[in-house]
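Residue numbers (the working numbering), protein chains in the order written: chain A, 60 to 246; chain B, 60 to 246.
Each residue gets a CB set at the ideal place from its N, CA and C atoms; glycine is no exception.
For clarity, every value in this text was computed on a predicted model and none was experimentally measured.
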DNA sequence: CTTTAATGTTGACATTGGACACATTGATGT
DNA sequence: ACATCAATGTGTCCAATGTCAACATTAAAG
């Protein structure tokens, strides 16, 4: 899976072939089928790891700023952005319509839910602190998720002017956009 | 291209083959190469059409509510969401990292810019009306774009609970999320 | 020492993207 | 009327790929 992930990021998602992975690992071209039913199954495994890393990053961001939900959310946004920029192809796998989102891969769905929960915890903590308005927490978490997600996807897809390709610039822009979005969440 | 687009939405983006398209149109499997250099080139053409339709939808939404920028933005969001839900695979093509975003396909980039401009016009009109705060319009447009984009991508990827699959539910949820995001843009 | 599950190997097959040489055809200039 | 030529389509061929089936190895378990 490590080899597959590396090859995935080196080339595009469509260009990843099981045979390449097998060759990189140094086994025959059908050996991967002993570990993964499908090509899709391997991809689902990689995507699940991506969600796990995302959840870990968000939780870590929350721990960094105890008692300050707005700061936690901002920090989580920066982590989200960083992860997307560093693993664009993997993110494509996680959020693109490449994999079925039904219960074909229970691990995948579960990992995704855990990541969303870690974000929801930040929102709820902010509500308890009185920093965020006391509306439907799920809905507010979805709003925050959508904002960060959309921004990072636009960046990863290079749909923002190429001027803003320096990490520092991205950081500033992320802060600006998220600050605006935070306005709507505050109490 | 129409046949290709239909096949694209019927199956996944990876499953689309030029040969299928050729068969559907009733020509030999190499005939498409007279019109498109590449498979990628055909996909780029489809993606460009997608951006054109998006731009048209946003402009139409703006015309629907003259003088009310907030309402225009909300309407544009609903159009965006509708378009994404109706053409998920095409959107995948437009925003996924499938196609190179440099100047390999000038039409593609241009169509994308036009769509973004149509959104930016709404923001600027809102600023002129005094409805939106008078900060960097480009940045505010990016914020709005990110929010709508993220939300619709999450929906299209079925990352939101399956309970919310009815069109009416989606409409309500979109309104709720966008209303929250609008807060940060208002004067 | 046998059994068995895990893992790997070889070989085959269909599908696909793409290159190439060749045929058809319709408009154009003489 | 006739030659020219660009646009379009056709058939053939090849390499890469996903997947399957039959067979080999090997290490743990009884």
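Determine the direct distance from the alpha carbon of residue j to that of residue i, and round the result to whole angstroms.
i                      : j                      : result
residue 228 of chain A : residue 215 of chain A : 14 angstroms
residue 159 of chain A : residue 71 of chain A  : 19 angstroms
residue 135 of chain A : residue 121 of chain A : 7 angstroms
residue 102 of chain A : residue 246 of chain B : 46 angstroms
residue 125 of chain B : residue 131 of chain B : 8 angstroms
residue 142 of chain B : residue 150 of chain A : 22 angstroms
residue 236 of chain A : residue 199 of chain B : 7 angstroms
residue 175 of chain B : residue 105 of chain B : 18 angstroms
residue 208 of chain B : residue 87 of chain A  : 42 angstroms
residue 81 of chain B  : residue 232 of chain B : 41 angstroms
residue 147 of chain A : residue 244 of chain A : 28 angstroms
residue 98 of chain A  : residue 63 of chain A  : 11 angstroms
residue 196 of chain B : residue 206 of chain B : 15 angstroms
residue 94 of chain A  : residue 169 of chain A : 21 angstroms
residue 61 of chain B  : residue 145 of chain A : 36 angstroms
residue 193 of chain B : residue 123 of chain B : 24 angstroms
residue 85 of chain A  : residue 84 of chain B  : 43 angstroms
residue 210 of chain B : residue 154 of chain A : 12 angstroms
residue 226 of chain A : residue 213 of chain A : 15 angstroms
residue 79 of chain B  : residue 96 of chain B  : 17 angstroms
residue 37 of chain A  : residue 177 of chain A : A query on residue 37 of chain A cannot be resolved here, the shown segment of chain A reaching from 60 to 246 and no further.
residue 66 of chain A  : residue 204 of chain A : 28 angstroms
residue 133 of chain B : residue 242 of chain A : 17 angstroms
residue 179 of chain B : residue 240 of chain B : 16 angstroms
residue 238 of chain B : residue 129 of chain B : 9 angstroms
residue 89 of chain B  : residue 89 of chain A  : 31 angstroms
Could you name the residues of chain B that residue i contacts, counting a contact when the two beta carbons are closer than 9 angstroms?
i                      : result
residue 156 of chain A : 71, 72, 147, 148, 150, 151, 155, 215, 216, 217
residue 244 of chain A : 239, 242, 243
Could you tell me which chain A residues have their CB closer than 8 angstroms to the CB of residue i, listed as they occur along the chain?
i                      : result
residue 160 of chain B : 216, 217, 218
Taking C-alpha atoms, which residue in the options lies nearest to residue i?
i                      : options                    : result
residue 167 of chain A : A:210, A:195, A:202, A:110 : A:110
residue 157 of chain B : A:173, A:207, A:218, A:181 : A:218
residue 182 of chain B : B:201, B:238, B:140        : B:201
residue 92 of chain A  : A:77, A:176, A:84          : A:77
residue 171 of chain A : A:107, A:68, A:127         : A:107
residue 165 of chain A : A:100, A:79, A:60, A:75    : A:100
residue 162 of chain A : B:180, B:204, B:133, B:220 : B:220
residue 127 of chain B : B:84, B:113, B:184         : B:184
residue 140 of chain B : B:225, B:241, B:230, B:239 : B:230
residue 152 of chain A : A:74, A:83, A:242, A:96    : A:74
residue 234 of chain B : B:112, B:173, B:138, B:179 : B:138
residue 112 of chain B : B:129, B:90, B:179, B:173  : B:173
Residue i touches chain B at which residues, Cβ-Cβ below 8 angstroms?
i                      : result
residue 236 of chain A : 198, 201, 202, 205
residue 171 of chain A : 218
Mind checking who residue i pairs with in its DSSP beta bridge?
i                      : result
residue 83 of chain B  : Per DSSP, none; premise fails for residue 83 of chain B.
residue 191 of chain A : A:245
Note down, in chain order, every chain A residue with its Cβ under 7 angstroms from the Cβ of residue i.
i                      : result
residue 208 of chain B : 209, 212, 213
Notebook entry, point to check: Any contact of the region 107-117 of chain A with the region 184-192 of chain A, i.e. 3+ C-beta pairs under 8 angstroms?
Noted result: no
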